[in-house]
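Here the structure comes first, spelled out in structure tokens, and everything after it is commentary.
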Amino acid sequence: MTSSRKHQWTSARKLAPALLTTGALVLTTAACGGGDSGGGGDDGPVTLRLSWWGNDVRQGLTAEAVALFEESHPDITVEQEYADWDSYYDRLTTQLASGDAPDVFATEIRRMGEFATRGALADMSELVETGDMDPEILTTGQVEGTQYAIPTGANAFVIMANTTLIEEAGLELPDDTTWTWDDYREFSAQVTETVGDGTYGTQLSWNDAYLNIYAAQRGESFYEDDQIGMSAETVADWFEYNNGLVESGATPDASLSAEIGNTSVDQSLISTGQGAFGMWWSNQLNAVTTGSGSEIEILRWPQDSGAVSGGQFLQPTMYWNIAESSGRKDAAAELVDFLINDPEAAAILGSDRGLPINGVVREQIEAELPETDQQSLAFIDELSNELADPPSVNPVGAGEIPDMLQRYGEEVNFGRLSPQEAAEAFIDEANSSLG
Numbered sequence: 131m132t133s134s135r136k137h138q139w140t141s142a143r144k145l146a147p148a149l150l151t152t153g154a155l156v157l158t159t160a161a162c163g164g165g166d167s168g169g170g171g172d173d174g175p176v177t178l179r180l181s182w183w184g185n186d187v188r189q190g191l192t193a194e195a196v197a198l199f200e201e202s203h204p205d206i207t208v209e210q211e212y213a214d215w216d217s218y219y220d221r222l223t224t225q226l227a228s229g230d231a232p233d234v235f236a237t238e239i240r241r242m243g244e245f246a247t248r249g250a251l252a253d254m255s256e257l258v259e260t261g262d263m264d265p266e267i268l269t270t271g272q273v274e275g276t277q278y279a280i281p282t283g284a285n286a287f288v289i290m291a292n293t294t295l296i297e298e299a300g301l302e303l304p305d306d307t308t309w310t311w312d313d314y315r316e317f318s319a320q321v322t323e324t325v326g327d328g329t330y331g332t333q334l335s336w337n338d339a340y341l342n343i344y345a346a347q348r349g350e351s352f353y354e355d356d357q358i359g360m361s362a363e364t365v366a367d368w369f370e371y372n373n374g375l376v377e378s379g380a381t382p383d384a385s386l387s388a389e390i391g392n393t394s395v396d397q398s399l400i401s402t403g404q405g406a407f408g409m410w411w412s413n414q415l416n417a418v419t420t421g422s423g424s425e426i427e428i429l430r431w432p433q434d435s436g437a438v439s440g441g442q443f444l445q446p447t448m449y450w451n452i453a454e455s456s457g458r459k460d461a462a463a464e465l466v467d468f469l470i471n472d473p474e475a476a477a478i479l480g481s482d483r484g485l486p487i488n489g490v491v492r493e494q495i496e497a498e499l500p501e502t503d504q505q506s507l508a509f510i511d512e513l514s515n516e517l518a519d520p521p522s523v524n525p526v527g528a529g530e531i532p533d534m535l536q537r538y539g540e541e542v543n544f545g546r547l548s549p550q551e552a553a554e555a556f557i558d559e560a561n562s563s564l565g
């Protein structure tokens with residue numbers, strides 16, 4: 131259901147994107163020691179392990195914030211572990227299963243509930259100060275009423291347009307307040323035809339947030355009671371629409387689209403100057419702008435005349451969690467509290483993990499945000515009355531859904547399944563793996 135958020139977001143402009151993608155490859159800095167590492171508990175010198183995914187820039191920002199934390203907490207040493215997105219959860223799952231979990235680690239909305247229901251996460255409700263945090267975003271870190279996670283920030287899944295490329299092609303960007311899904315396909319195909327030289331109008335996305343928005347415009351929910359809440363008709367239409375992007379030339383052909391797959395934002399067509407449009411999280415605007423070297427504009431999603439809403443929603447960028455197995459929960463909570471609530475830490479981190487959901491802290495750093503963050507902030511503020519409520523934590527198994535959507539979508543693109551067959555098979559497989 132869409133709710134009015136104007137009263138919550140306008141004065142403080144309570145959301146902006148993270149600066150960087152989370153998908154770039156980085157080296158893992160391994161820290162030794164498991165659940166009993168450190169010096170004697172929270173009453174003496176303590177060593178904490180902090181784990182997250184990200185690239186080298188995020189590592190640098192995090193290291194700087196951690197150094198500031200250690201300076202103000204001389205009895206706490208923080209060992210930092212980080213990995214690329216593709217390997218992060220495999221490593222974390224192994225660590226949790228073997229009793230070697232980091233004290234503090236990052237998760238996202240598709241996987242957090244899975245760890246919470248397995249008893250791997252500590253209840254953070256009495257550990258971290260949350261009084262100045264946006265209550266709706268904060269609630270997304272709850273499972274069955276228990277606060278197992280603290281959101282680091284929030285963002286929105288958006289369409290980005292390379293206006294430099296479009297203008298150089300002699301084309302006029304469509305009005306995103308009135309454009310339809312047909313308009314998006316037809317304009318993208320026109321870009322491909324006009325520019326040529328391996329440049330395309332858009333790129334296929336199999337992100338579940340895209341289908342979430344498409345379904346919400348039809349009044350359907352992605353999940354209901356830990357199962358797929360969308361009708362087979364809606365999913366089939368979505369597969370058919372994406373196939374139409376391929377057949378019209380709006381995107382690369384089926385083979386090249388499959389090769390590109392769910393590529394990282396740094397390697398996407400729009401980031402490399404080979405695409406006019408891209409579907410990415412608002413926290414990735416800086417990466418797209420920097421990579422393309424062009425002017426990038428954020429746009430509303432297309433919608434047809436019968437749409438019940440624009441489908442746009444806000445979502446936590448990621449969460450901080452404390453391991454239930456940690457013997458240093460108080461010290462771990464001090465670290466999380468610092469990263470979330472300390473203005474100096476926020477000034478260092480900027481919007482790398484989403485603009486802080488602490489409204490007081492956000493107001494203090496807002497004026498210093500980079501231009502791309504200011505752009506995203508203004509866009510989200512403009513949509514404040516149109517935004518749906520943030521989603522609840524996804525059911526167990528939701529982490530596999532994007533790959534599943536890609537697999538069935540490609541079956542349609544290669545002509546091996548009809549959109550209806552793919553939709554029904556996807557729903558059956560997804561429901562069997564969820565919950």
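This note's numbering puts the sequence shown at residues 131 to 565. In this text, a Cβ means the ideal position worked out from N, Cα and C, and glycines have one as well. Here the structure is a predicted model, which means the values were calculated and not measured.
query	result
Would you kindly work out how many angstroms separate the C-alpha atoms of Ala-552 and Leu-251, rounded to a whole number?	36 Å
Kindly indicate which residue of Gly-545, Gly-184, Asp-367 and Val-526 has the alpha-carbon position closest to the one of Gln-357.	Val-526
Which complete alpha helix (DSSP H) runs does the region 241 to 307 hold, if anything under 4 residues is left out?	242 to 247, 265 to 269 and 293 to 298
Within the continuous alpha helix (DSSP H) that includes Val-438, where are the two ends?	Neither: Val-438 is in no alpha helix (DSSP H) and is coded neither H nor E.
Pull up the DSSP beta-bridge partners for Phe-544, would you.	Its beta-bridge partners do not exist; DSSP assigns none.
Between the region 340 to 350 and the region 291 to 310, do at least 3 Cβ pairs fall closer than 8 Å?	no
So the beta strand (DSSP E) Phe-408 belongs to, where does it begin and stop?	According to the sequence as given, residue 408 is Gly; it is not Phe. Element bounds for Gly-408: 407 to 411.
Identify every residue that forms a DSSP beta bridge with Ile-452.	Val-234
Could you give the DSSP three-state label for Thr-207: helix, strand or coil?	strand
Write down the C-beta distance between Val-418 and Met-254 rounded to the nearest angstrom, noting that I regard them as a contact closer than 8 Å.	Actually they are not in contact, since the Cβ atoms of Val-418 and Met-254 sit about 33 Å apart, beyond 8 Å.
For a quick check, are the C-beta atoms of Ile-280 and Tyr-449 less than 8 Å apart?	yes
CA-CA distance, Gln-397 and Ile-470?	30 Å
Please report the straight-line C-alpha distance between Ile-390 and Asp-216, rounded to a whole angstrom.	15 Å
Which residues in the same chain as Ala-236 place their Cβ atom closer than 6 Å to its Cβ, once the five residues preceding and following it in sequence are excluded?	Trp-182 and Met-448
Going by C-alpha to C-alpha distance, which of Leu-198, Pro-473, Thr-192 and His-203 sits closest to Gly-174?	His-203
In chain order, what residues of the same chain lie with their CB nearer than 7 Å to the CB of Trp-311, ignoring the 5 residues before and after it?	Tyr-371, Pro-432 and Asp-434
Should Phe-369 and Val-542 be called a contact, given that it needs their Cβ atoms to be closer than 8 Å?	yes
Keeping to the same chain, check which residues put their C-beta closer than 8 Å to that of Ile-267; ignore five residues upstream and five downstream.	Pro-281, Ala-284, Leu-444, Pro-446, Ile-487 and Pro-520
Exposed or buried, which one is Asn-515 when buried takes at least 16 other CB atoms within 10 Å?	exposed
Roughly how many angstroms separate the alpha carbons of Pro-500 and Gly-423, rounded to a whole number?	16 Å
Assuming contact is defined by CB atoms lying nearer than 8 Å, are Thr-223 and Val-523 in contact in what I supplied?	no
Would you identify the three-state DSSP class for Trp-309, choosing helix, strand or coil?	coil
Given a threshold of 16 other Cβ atoms within 10 Å of its Cβ, counted over all protein chains shown, does Arg-248 qualify as buried or as exposed?	exposed
Nearest-angstrom Cα distance between Val-438 and Gly-480?	35 Å
Taking the straight line between their C-alpha atoms, what separation do you get for Glu-363 and Arg-348?	11 Å
If you draw a straight line from the alpha carbon of Ile-478 to that of Asp-367, how long is it in whole angstroms?	44 Å
Out of curiosity, what's the CA-to-CA distance linking Gln-404 and Met-534?	26 Å
Whole angstroms is fine: what's the gap from Asp-233's alpha carbon to Ala-497's?	33 Å
For Phe-407 and Ser-335, what's the separation of their Cα atoms in angstroms?	11 Å
Where do the ends of the alpha helix (DSSP H) carrying Val-418 lie?	415 to 422
Return the first residue and the last residue of the beta strand (DSSP E) that Ile-239 is part of.	Here Ile-239 belongs to no beta strand (DSSP E), and DSSP marks it neither H nor E.
Taking Cβ positions, are Val-574 and Ala-246 nearer each other than 8 Å?	Nothing about residue 574 can be reported from this structure: the residues present for the chain run from 131 to 565 only.
Given a cut-off of 8 Å, decide if Leu-375 and Arg-315 are closer than it, judged by their beta-carbon atoms.	yes
Quick check on DSSP: helix, strand or coil for Ser-385?	helix
Any idea if Arg-546 is buried or exposed, counting beta-carbon neighbours within 10 angstroms, 16 or more meaning buried?	exposed
What separation, rounded to the nearest whole angstrom, lies between the Cα atoms of Arg-100 and Asn-413?	The requested residue 100 does not occur in the structure, where the chain is confined to residues 131 to 565.
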